[in-house]
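Let me begin by presenting the structure, written as structure tokens, before commenting on it.
Residue numbers (the UniProt record's numbering): 1 to 957.
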């Protein structure tokens with residue numbers, strides 16, 4: 001087209017293996033039925049879009065397809081007129097297009113209103129062709145008076161498209177549409193006309209809105225949405241009608257349409273920062289979340305409420321109970337987001353109401369028919385935990401309620417309760433007596449070893465008076481059962497096989513006799529035999545003894561949970577040591593000490609017997625023996641006493657302080673509040689200054705910001721580092737590619753240089769991929785002059801964080817039509833562009849570490865001698881963040897263990913555990929274990945570490 005840029009179309013895949021010739025297409029148009037013509041025309045359209053316009057077929061289409069009355073062919077013709085070349089080489093309209101214009105004119109005057117409307121819609125697609133449109137303008141104007149609303153609404157947009165591009169063709173279009181709007185009754189037609197005036201004549205649109213101001217709340221929802229858009233556009237500048245607009249938007253908050261409510265609420269907060277208006281908008285949005293059924297809509301609206309809360313501080317605190325109603329939904333993601341919003345809105349004024357509501361919800365999760373009860377219960381427990389620690393006045397009222405869930409069959413919920421109780425007893429000393437008393441009484445209800453370990457640690461650290469220590473010992477004996485464990489289990493087995501049991505010494509002698517391998521002689525002088533039936537019967541009796549009902553802590557120890565046994569030993573040692581500090585009664589002390597040592601020795605003995613599922617491990621056995629030694633040397637080594645009674649509690653206090661500091665730093669980093677201005681800063685008059693980046697009123701401006709198109713900044717030096725050489729300097733064609741990552745796409749900008757003195761024809765650049773990469777757009781065929789240049793672009797879609805490889809070749813025809821080929825160097829996609837450091841809690845890390853099945857173990861091979869330096873090196877190479885607290889990494893030590901975490905743009909989690917040791921020679925040894933849900937990211941990160949280690953290692957000769 002003359003003076004206009006050519007339209008850009010999408011490449012359409014053609015499934016046919018062979019492209020039909022021009023003669024075959026012409027024959028299909030001339031002699032085929034309507035179905036054949038339809039398929040032929042479709043092939044011509046696809047060929048035109050893909051760059052082969054078929055100009056010789058224009059006249060046959062006009063002759064044989066244009067006169068057809070088939071509706072499908074007419075619709076397909078509209079697509080063809082949109083993409084076909086309408087201008088010759090000189091930029092002038094082709095003579096054949098006069099016939100096309102005449103056919104379009106006839107369709108615009110067709111008695112069928114749907115043909116008229118469809119043709120008017122087609123005119124919007126060719127609005128840049130002035131020579132085609134000029135003869136059709138009078139008929140478009142007359143269509144505004146058609147009896148059918150389908151024709152009128154499309155006629156408005158057709159006139160809008162023409163007026164936007166060529167104002168001179170319809171100079172009186174605003175007045176024409178204003179008159180049309182005043183007389184129109186159909187809501188869709190009125191909405192289209194208002195859209196026209198909003199973009200072409202804003203004063204007339206405002207004039208119409210003011211004329212129907214009192215009826216706006218009763219108008220159609222489409223028209224209400226258009227009115228809101230006009231208000232937004234008009235208020236981009238300081239409009240004199242802003243107060244009336246605000247009152248109008250207030251009324252639309254009560255609309256029956258959810259879309260109108262949402263738009264009204266977002267527009268109201270952009271027009272005014274008045275607290276009453278902000279609160280009304282937030283209430284409207286929360287009401288939308290409660291009533292809307294689509295979970296995606298709920299999440300979007302909750303994000304909008306969160307934005308309001310972050311900008312307006314405590315203005316929304318009074319509606320926090322309305323937000324809590326959102327928890328009635330069944331979707332966990334919505335609940336999680338709503339809980340996060342509630343926690344950020346909780347203050348000392350409303351914390352009592354919030355906690356009471358959460359406690360009621362917690363009780364409801366115990367109902368059998370409650371949906372997703374375990375997950376929801378865990379979320380509520382975590383929320384109450386955060387609230388109680390933040391507001392100490394409610395800690396006492398919730399801690400006992402939460403301790404009822406310590407025996408919960410859902411292990412994560414019970415662990416969250418233990419974590420909460422442990423933090424409460426540390427931060428609120430006045431609650432320790434009642435909490436420890438409740439924990440002691442709860443011991444028989446516990447089912448999980450992890451929960452037992454947490455409770456035993458709390459009892460060992462915070463049970464302080466002698467009466468409570470004795471009561472704790474008594475309850476521990478109850479959940480352990482009869483002591484010694486081995487003797488009692490052996491007696492049960494002997495009773496099961498019908499023999500008399502004895503003490504442990506007799507058992508040992510019996511064992512020795514059983515081990516004797518000499519044949520036994522019976523009374524009649526024959527040798528005794530042992531049948532397979534006897535052996536299997538004994539094994540069955542042993543399994544029956546193991547499966548018998550036992551106290552909970554005894555069950556865990558016999559099941560092989562000796563870690564819990566070692567924690568029990570440490571707790572017993574602390575209780576005895578503290579009892580020694582609190583009393584002078586040596587008889588009671590020795591009795592308590594002997595009982596504790598008996599329990600510890602019994603755990604070791606039974607751990608080495610046949611009654612346990614797995615034998616006791618060396619680490620647990622050594623820890624229990626250390627506890628026994630500590631109690632046996634009670635009066636000799638006071639330094640060990642300080643370790644048990646003071647250092648462990650101090651370490652936990654230090655960890656809590658570090659967690660609070662980390663949370664404070666994170667909150668400060670996320671805060672958008674600016675620092676207080678200095679005394680010598682310039683005064684700012686907001687009436688005279690440009691508006692800052694506050695709420696965006698115009699949707700187009702908001703979209704521009706969201707896509708980042710207005711903030712593109714490129715570093716020339718970094719761009720040069722992303723250039724990959726594809727061929728050698730001695731090849732006939734030199735090729736290099738600039739690899740640009742943009743979101744989920746990879747853009748290859750390839751420069752080709754013809755280094756020969758020949759013209760290279762039909763040059764084709766062919767790419768292929770390995771991994772989760774998909775070629776979206778394949779380059780076309782080119783011809784390059786001698787020593788000429790050609791720039792080619794190719795787009796590749798990335799679908800996961802996996803190391804991908806792009807490879808390919810260049811094919812062309814040289815002199816005498818001889819074919820030649822050059823193989824390109826491989827381009828390796830750097831996955832680090834898609835991995836970002838992230839954070840998660842220790843519980844989340846452990847849960848994911850257990851869940852993820854793919855693991856990649858990389859051995860450490862580095863010249864670094866400092867373990868912490870190597871940790872920083874791995875973090876920089878893998879873009880991962882360290883989850884291990886800084887306090888745990890401080891100090892001079894020859895070994896280091898740390899957890900790292902990252903998240904990809906595709907939502908994939910990557911976990912890593914670094915375990916290294918510095919040997920006496922100063923060399924670091926160890927490994928990095930990487931886990932993820934998918935194999936690709938685990939292998940990719942492992943390859944990244946291995947490659948970087950090889951590159952950083954100096955070359956030895």
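Don't be surprised by glycine CBs; every beta carbon is placed ideally from N, CA and C. A quick note: this is a predicted structure, and the numbers were derived from the prediction, not measured.
{"Check": "Member of 167, 187, 168 whose CA lies at the smallest distance from the CA of residue 152", "Outcome": "187"}
{"Check": "Residue range of the beta strand (DSSP E) that includes residue 909", "Outcome": "909-918"}
{"Check": "For residue 799, three-class secondary structure by DSSP", "Outcome": "coil"}
{"Check": "Where the beta strand (DSSP E) through residue 303 begins and ends", "Outcome": "Not the beta strand (DSSP E): residue 303 falls in the alpha helix (DSSP H), residues 295-312."}
{"Check": "Separation of residue 844 from residue 564, as counted between CA atoms", "Outcome": "22 Å"}
{"Check": "Status (buried if at least 16 other CB within 10 Å, exposed otherwise) for residue 209", "Outcome": "buried"}
{"Check": "C-alpha gap between residue 598 and residue 458, whole angstroms", "Outcome": "22 Å"}
{"Check": "Start and end residues, alpha helix (DSSP H) containing residue 442", "Outcome": "432-442"}
{"Check": "Three-state secondary structure (DSSP) of residue 736", "Outcome": "strand"}
{"Check": "Residue 932: first and last residue of the uninterrupted alpha helix (DSSP H) it sits in", "Outcome": "Element bounds for residue 932: not the alpha helix (DSSP H) but the beta strand (DSSP E), 924-932."}
{"Check": "Minimum length 4: unbroken alpha helix (DSSP H) runs contained in the region 133-162", "Outcome": "137-143"}
{"Check": "Under the three-state DSSP convention, the category residue 170 falls into", "Outcome": "coil"}
{"Check": "Nearest candidate by alpha-carbon position, reference residue 593, set 445, 875, 635", "Outcome": "635"}
{"Check": "Assigned exposure category for residue 487 - 16 Cβ within 10 Å defines buried", "Outcome": "buried"}
{"Check": "Residue 792 - partner residues in DSSP beta bridges", "Outcome": "750"}
{"Check": "Residue nearest to residue 287 in terms of C-alpha spacing, selected from 316, 325, 50, 263", "Outcome": "325"}
{"Check": "Any 3 or more C-beta pairs closer than 8 Å across the region 861-873 and the region 904-920", "Outcome": "yes"}
{"Check": "Candidates 732, 766, 556, 81, of which the one nearest residue 755 by Cα", "Outcome": "732"}
{"Check": "Secondary structure of residue 857, DSSP reduced to three states", "Outcome": "strand"}
{"Check": "Residue from 295, 361, 300 with nearest C-alpha to residue 331", "Outcome": "295"}
{"Check": "Residues near residue 807 in its chain [Cβ-Cβ closer than 7 Å; skip 5 each side]", "Outcome": "768, 824, 826"}
{"Check": "C-beta atoms of residue 837 and residue 879 nearer than 7 Å", "Outcome": "yes"}
{"Check": "Counted within 10 angstroms of its Cβ, other Cβ atoms place residue 255 as buried (16 or more) or exposed", "Outcome": "buried"}
{"Check": "Cut-off 6 Å between Cβ atoms - residues of its own chain near residue 272, not counting five sequence neighbours on either side", "Outcome": "246"}
{"Check": "Pairwise C-alpha distance: residue 438 and residue 425", "Outcome": "12 Å"}
{"Check": "Distance, residue 381 Cα to residue 607 Cα", "Outcome": "36 Å"}
{"Check": "Among 909, 832, 811, the one whose alpha carbon lies nearest that of residue 854", "Outcome": "909"}
{"Check": "Residue 500 versus residue 483 - alpha carbon distance", "Outcome": "Low confidence applies to residue 500: its pLDDT is 41, below 50, so where it sits in the model is not reliable, and the reading given next is rough at best. Whole-angstrom Cα-Cα distance: 19 Å."}
{"Check": "Those runs of the alpha helix (DSSP H) which lie wholly inside the region 182-243 and span at least 4 residues", "Outcome": "187-200, 202-211, 221-234"}
{"Check": "Extent of the continuous beta strand (DSSP E) run through residue 128", "Outcome": "Per DSSP, residue 128 belongs to no beta strand (DSSP E) and is neither H nor E."}
{"Check": "Residue 310 versus residue 236 - alpha carbon distance", "Outcome": "23 Å"}
{"Check": "Between the CA atoms of residue 569 and residue 506 - distance to the nearest angstrom", "Outcome": "Confidence at residue 506 is low in this model, with a pLDDT of 44, below 50, so its placement is unreliable and the value that follows should be read with caution. C-alpha separation (whole angstroms): 27 Å."}
{"Check": "7 Å Cβ cutoff met for residue 281 and residue 268", "Outcome": "yes"}
{"Check": "Enclosing beta strand (DSSP E) for residue 782 [first to last residue]", "Outcome": "781-784"}
{"Check": "Start and end residues, alpha helix (DSSP H) containing residue 477", "Outcome": "466-480"}
{"Check": "One or two residues paired with residue 812 in a DSSP bridge", "Outcome": "820"}
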